[in-house]
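Reviewing the structure listed below.
Residue numbers (the UniProt record's numbering): 1 to 418.
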C-alpha cells in the first residue's frame, strides 16, 4: 500500500518569529494503483492555496512508497519597472526595462550575447543591487530582501558541487540547513527520498557528484534548492553544456515545477523549437532593451505585425535572435516602442484596445491580450509580504545546527580527499 508523507508549514502567531511545522502520514484508499495514487495528490497549477506540494515522479519504481512534501508555498508574482543599470565605466547595460512574471509560469529571458540577460536575472534575484535604478515589486509591494531571500533560490550556470559527497549526502545536508531542526531526522530523509524520486536521481543516490553527467549534476543543483520547496526559482543558463536530450529533460523538469505553483525564471541562449514551446512566457532583450514580452506563442505574430515575417520551418528563437542582432535591419527601436506602448496602457484602455484590434490588427491583438492577462493576474489574491513575516522572517535552523552540519560536511570532504 502506498504511503504519503506530508510535511505542512503553518503560519506562526505574531509573537513567534519561527514557522511551525506538522508532520502527518496519509494512506490512500486500498485498491488504488500507484499510477492512480500519483494523480490523487497532483496539485492544481493555478491554485492559490498553500497546499501545493511536489508531485510524485516515481513512474516505474515498483513497491516504492508514495511520498509528497506538502509545504505551505505562497504564490509569488515579481514585477519590475524602469530598471536601469550602468557599469562602472559608464556604459549602460539595462535601459529602462519593465516586466512581470507570475506564479505557475515558466519564463525565459532571451537575447544575444551582451544583451543583459544575466544582468537582469541578477537584479531580479537581488544578487546585484548597487547602481540599479527602478522599482521591483513582489506581490504588488516593495521587495523586502530579508524575506525575499527566504522565498527564492538562485541556481547558477556553473555547478558548484562538492565532488566528494554523494547525491544523497548533498541533498540531505542541504535539507538539514533549510528544513527546521524541529523536523525529525527520519522525516528529513523521507523528504530527501521524495526529492530524488521527483528529479530522477534515486538510481544515482550513492554516486559522488564527480561521477555524475552534466544533466545529472544540474538536477542535483536543483534538488539541493528544491528540498525546501521555494516558491520562486531563478536559473542562469540551466541548459549550458548539455546535449539536446538533456536540455529537453531539464526544461521539462522546470515546467513541471512551475505547473505545481512555483514562479520559475531562467535565462537561455537560443533553445531549439521543441524546447522553446515548453516555456509559458518570453522576455526578449536586445542592447539592454526589451523588444518583446509575452506568450511564446505570440512571438511570431508580434514580429509579423512589425514587418518581420519568420520564414517557414525556421526556428522562432533563431529568427528572434537574428532580429535582435540586426541581421534583418534596425528594428530594435521600433520593437521597443511597440512594447513600451503596450506597457503604458491602463487596464480600461487595454480592454478597449483589445476589442478594437480584434477587428483590425490581429498581429498586435495577441500581445495586447497577453498584457491584459498579466494585469489581471497581478490583481488576483496574492499574499502580502507582511503576512509572510512570521513564516519567512527568521532562520530555519539555529547557528549551532548550521555550525555542526557544516563541520560534519567539511570533515567528510577532508577524509575523502585523495
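For each residue, glycine too, the CB sits at the ideal point set by N, CA and C.
- Ranked by how close their Cα comes to the Cα of residue 411, the residues 291, 243, 242 and 169 have 169 in first place.
- Annotated three-state conformation of residue 150 is helix, per DSSP.
- The alpha-carbon of residue 316 is positioned some 7 Å away from that of residue 300.
- Per DSSP, the unbroken alpha helix (DSSP H) holding residue 302 starts and ends at 299-305.
- In the three-state reduction of the DSSP assignment, residue 181 falls in the coil class, being assigned neither a helical nor a strand state.
- Per the DSSP secondary-structure output, residue 142 pairs in a beta bridge with 137.
- Beyond the five residues adjoining it in sequence on each side, residue 159 comes within less than 6 Å, by CB distance, of 217 and 221 in the same chain, given in chain order.
- Of the other Cβ atoms in all chains shown, fewer than 16 fall within 10 Å of the Cβ of residue 399; this residue is therefore exposed.
- Non-local C-beta neighbours of residue 255 in its own chain, meaning closer than 7 Å and more than five positions away in sequence, comprise 106 and 278, ordered along the chain.
- In this structure, residue 126 lies away from residue 81, with their beta-carbon atoms at least 8 Å apart.
- Inclusion of residue 120 and residue 138 in the CB contact set at 8 Å is not warranted, their separation being larger than that value.
- For residue 286, the pairing in a beta bridge is given by DSSP as 289.
- The shortest C-alpha to C-alpha distance from residue 90 to any of 198, 131, 76 and 252 is the one to 131.
- Taken through DSSP and simplified to helix, strand or coil, residue 221 comes out as helix.
- In the three-state scheme derived from DSSP, where H, G and I count as helix and E and B as strand, residue 270 is classed as coil.
- Every beta strand (DSSP E) stretch that sits fully inside the region 85-135 and reaches 3 residues is listed by chain position as 92-101 and 106-110.
- Judged by beta-carbon spacing, residue 181 lies within the 8 Å limit of residue 401, meaning their Cβ atoms are closer than that value.
- At least 8 Å separates the beta-carbon of residue 225 from that of residue 176.
- Remark: fewer than three beta-carbon pairs, one from each stretch, lie closer than 8 Å, so the region 287-306 and the region 256-273 are not flagged as touching.
- Scanning 114, 118, 321 and 112 for the CA closest to the CA of residue 234 turns up 118.
- Taken through DSSP and simplified to helix, strand or coil, residue 229 comes out as coil.
- Measuring C-alpha to C-alpha distances from residue 113 to each of 342, 418, 414 and 321 identifies 321 as the nearest.
- Of 141, 178 and 99, the smallest CA-CA separation from residue 396 is found for 178.
- DSSP places residue 73 outside any alpha helix (DSSP H), giving it a letter other than H or E.
- In chain order, 97, 109, 110, 111, 115, 116, 117, 120, 291 and 324 place their CB closer than 8 Å to the CB of residue 285, counting only its own chain and leaving out the 5 sequence neighbours on each side.
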